[in-house]
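Chemist:
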Amino acid sequence: MKDKIIFITGATSGIGEGCARKFASEGANLILNGRNQDKLNELKVELEADFGIEVLLLPFDVRDRERAKVAIESLEGKWKSIDVLVNNAGLVIGFDKEFEGVLEEWDIVIDTNIKGLLNITRLVTPGMVQRGVGHIINIGSIAGDAAYPGGSVYCATKAAVKTLSDGLRQDLVDTPLRVTNIKPGLVETNFSVVRYRGDKEAADNFYKGIKPLSGSDVAESVYFAASAPAHVQVAEILVLATNQATSNVTYRAV
Ligand code: NDP
Ligand code: 8X3
């Protein structure tokens with residue numbers, strides 16, 4: 006992984022931040038994206054000091070196609086040669102029933118999780134094809150395998166991530182590029198705070214009685230896929246907390 010270029014969207018928190026730390030600890034140079042510029046700056050200072058790697062910041066909203074295009078097309082020198090793209094930026098807002106939810110919130114979720122991911126894939130993959138080197142790792146979810154109550158729109162976006170991953174793998178089958186869909190279960194990050202619209206207590210309650218995954222647990226799966234030998238394509242990984250069996254079945258010790 007030494008000196009490889011890893012581009013991670015949504016690197017300011019949770020799984021994306023976990024991936025940044027993991028790849029940095031293995032000697033990779035990082036392009037980090039997110040909207041929180043202060044957090045990106047902090048990460049750059051910390052990771053460069055701790056691991057002696059280089060970090061380039063690309064703060065933009067993945068939904069903003071024009072800004073994404075300008076930012077990615079302005080990459081120079083070695084930064085152009087992205088080896089691994091981790092399409093991680095994503096969110097859910099609310100636990101509303103499909104006939105009751107807020108359409109504007111669903112727009113944000115769909116625009117980020119599906120169209121934002123596509124924006125970045127479309128901008129980064131052609132260079133990988135040209136160079137004959139590259140790996141696109143999408144952060145999907147167990148939520149993409151089956152809907153659960155109050156989650157249908159989010160689940161649909163993650164089902165889309167699975168389909169987009171499968172489709173891209175087919176479109177790249179005659180190239181050396183690889184495509185992976187990582188499907189985590191319950192991961193304790195800022196995700197639930199956003200889901201509960203900032204209610205930290207409700208978010209904490211969501212993980213009561215179960216030891217959930219952490220962002221760094223998921224980063225280990227991402228790294229496993231990225232570091233497999235070139236002829237090995239890890240197509241999917243479903244990674245769950247030990248006491249989670251499916252989206253709907255978890256054992257809680259309270
Ligand atoms: P966090 O809320 O901790 O992190 C989400 C990251 O996405 C943040 O860095 C945020 O950064 C970034 N982000 C959100 N919207 C945008 C945007 N429009 N443009 C750029 N960056 C954006 O949640 P997680 O780490 O848990 O989530 C990461 C991914 O993992 C998501 O795709 C999520 O669906 C998926 N996932 C999460 C699971 C969980 O249980 N937590 C389980 C399965 C999958 P900023 O605010 O700075 O823009
Ligand atoms: C997040 C996992 O089960 O909270 O993708 O939807 S879940």
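All letters in the sequence shown, in the order written, are residues 6 to 259 by our numbering. Built from N, CA and C at the ideal position, the CB exists for glycine as well.
Which one of E81, R174, F12 and V192 has the shortest CA to CA distance from V184?
Modeler: Residue mapping note: residue 184 aligns to position 179 of the sequence shown, counting from 1. Taking only the C-alpha atoms, the option nearest V184 is R174.
Chemist: Contact defined as beta carbons within less than 8 Å: I believe V166 pairs with C24. What is the distance between those atoms, to the nearest angstrom?
Modeler: Here residue 166 refers to the residue found at position 161 when the sequence shown is read from its first residue. Here residue 24 refers to the residue found at position 19 when the sequence shown is read from its first residue. Wrong, their Cβ atoms sit about 16 Å apart, outside the cutoff.
Chemist: From this set, T117, D88, S146 and K49, which residue's C-alpha is nearest L2's C-alpha?
Modeler: Any question about residue 2 goes unanswered here, given that the chain covers just 6 to 259.
Chemist: If you draw a straight line from the C-alpha of A164 to the C-alpha of N195, how long is it?
Modeler: Within the sequence shown, numbered from 1, the residue matching residue 164 stands at position 159. Within the sequence shown, numbered from 1, the residue matching residue 195 stands at position 190. C-alpha separation (whole angstroms): 22 Å.
Chemist: If I'm right that V91 touches I11 with Cβ under 8 Å, what's the distance once you round it to whole angstroms?
Modeler: For the purposes of this step, residue 91 is taken as the residue at position 86 of the sequence shown. For the purposes of this step, residue 11 is taken as the residue at position 6 of the sequence shown. At roughly 7 Å, the Cβ-Cβ gap stays under 8 Å, so V91 and I11 are in contact.
Chemist: Buried or exposed: where does V178 fall if 16 or more other Cβ atoms within 10 Å of its Cβ makes it buried?
Modeler: Walking along the sequence shown from the start, residue 178 turns up at place 173. Around the beta-carbon of V178, fewer than 16 other beta-carbon atoms lie within 10 Å, marking it exposed.
Chemist: Starting from R70, follow its DSSP beta bridges and name the residues at the other end.
Modeler: As a position in the sequence shown, residue 70 is number 65, starting the count at 1. DSSP, once it has assigned bridges, lists no residue as partnering R70.
Chemist: Where does N253 land, buried or exposed, given buried means 16+ other C-beta within 10 angstroms?
Modeler: For the purposes of this step, residue 253 is taken as residue 248 along the sequence shown, with counting starting at 1. Classification of N253: exposed, given that the 10 Å Cβ count is below 16.
Chemist: Would you kindly check if the distance between the Cβ of A230 and the Cβ of I142 is under 8 Å?
Modeler: Translated into the one-based positions of the sequence shown, residue 142 becomes position 137. Translated into the one-based positions of the sequence shown, residue 230 becomes position 225. Yes, the Cβ-Cβ distance between I142 and A230 is below 8 Å.
Chemist: Are three or more beta carbon pairs between the region 113-133 and the region 67-74 nearer than 8 Å?
Modeler: With a cut-off of 8 Å, the region 67-74 and the region 113-133 count as touching, because enough Cβ pairs lie within range.
Chemist: Name the residue from L182, L62, D55 and G15 whose alpha carbon lies nearest to the alpha carbon of V138.
Modeler: Within the sequence shown, the letter at position 133 stands for residue 138. Cα-wise, what sits closest to V138 is L182.
Chemist: Which whole runs of the alpha helix (DSSP H) in the region 144-181 are 4 residues long or more, in chain order?
Modeler: Counting only unbroken stretches of 4 or more residues, the alpha helix (DSSP H) elements lying wholly within the region 144-181 are 157-176, in sequence order.
Chemist: Using the Cα positions of E51 and Y212, report the straight-line distance between them to the nearest angstrom.
Modeler: Locating residue 51 in the sequence shown gives position 46, counting from the first residue. Locating residue 212 in the sequence shown gives position 207, counting from the first residue. Their backbone Cα atoms lie some 29 Å apart in a straight line.
Chemist: Go through its chain and collect everything with a Cβ distance to S79's Cβ below 8 Å, but skip five positions before and after it.
Modeler: As a working note, residue 79 is residue 74 in the sequence shown. Closer than 8 Å at the Cβ level, and outside the excluded window around S79, lies no residue.
Chemist: Hey, which unbroken runs of the beta strand (DSSP E) at 3 residues or more fall wholly within the region 24-75?
Modeler: 34-39 and 60-64
Chemist: Specify, as a first and last residue, the run of the alpha helix (DSSP H) that I113 falls within.
Modeler: Start at 1 with the first residue of the sequence shown, and residue 113 comes out as number 108. Segment L108 to I115, the alpha helix (DSSP H) holding I113.
Chemist: Helix, strand or coil, according to DSSP, for N210 in the structure here?
Modeler: Counting from 1 along the sequence shown, the entry for residue 210 is found at position 205. It is helical.
Chemist: Extract the residue ranges of the alpha helix (DSSP H) inside the region 182-247, only unbroken runs of 4 or more that lie entirely within it.
Modeler: 196-200, 205-211 and 220-232
Chemist: Can you find a heavy atom of the ligand NDP that lies under 7 Å from the Cβ of N210?
Modeler: Start at 1 with the first residue of the sequence shown, and residue 210 comes out as number 205. Outside the cutoff, so no.
Chemist: With a 10 Å radius around its C-beta and 16 neighbouring C-beta atoms as the bar for buried, classify H140 as buried or exposed.
Modeler: Reading the sequence shown from its first residue, position 135 is the one you call residue 140. Its Cβ being crowded by 16 or more others within 10 Å, H140 is buried.
Chemist: Below 6 Å CB to CB, which residues in the same chain sit around L191 once its five sequence neighbours on both sides are set aside?
Modeler: Counting from one through the sequence shown, the residue named residue 191 turns up at place 186. Only P217, A246 and Q249 meet the Cβ criterion.
Chemist: Nearest to N38 by CA position, among V237, V60, F28 and S86, is which residue?
Modeler: Here residue 38 is taken as the residue at index 33 of the sequence shown, counted from 1. Out of V237, V60, F28 and S86, V60 has the C-alpha closest to the C-alpha of N38.
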